[in-house]
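Trainee: Just so you know, my numbering puts 961 at position 10 of the sequence shown, and the rest follows in order with no gaps.
Each residue gets a CB set at the ideal place from its N, CA and C atoms; glycine is no exception.
So that we are looking at the same thing, I have put the structure below in structure tokens.
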Amino acid sequence: MLHRTRTRTRNQQSSFPELVGQSAHEAKSILYTYVQGLTPVLMKPNQPMTMDYRPDRVRIITDPSGRVVLRTPMIG
């Protein structure tokens, strides 16, 4: 279950496996609502992305249509 809090600390989760298989937009909304300071970003497989680490970003990798979460969203 996703931590239902509006603040994130070092002890809270950094990946969100419970979102795999859900609607991509629903997953983005859940992360935005429950984890303050986190920017969810929807991305399709093989879409170019930067390799920098950002503790305020979570990438949500979707299916090619952009509708379903394929991989575990992780902070970075």
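Where does residue 982 fall in DSSP's three states?
Mentor: helix
Trainee: Does residue 993 come out as helix, strand or coil in the three-state DSSP assignment?
Mentor: strand
Trainee: Quick one: give me the first and last residue of the beta strand (DSSP E) that residue 1005 is part of.
Mentor: Where residue 1005 is concerned, there is no enclosing beta strand (DSSP E), given that its DSSP letter is neither H nor E.
Trainee: Considering only DSSP beta bridges, list what residue 974 is partnered with.
Mentor: 1019
Trainee: Can residue 995 and residue 1024 be called in contact, C-beta distance under 8 Å?
Mentor: no
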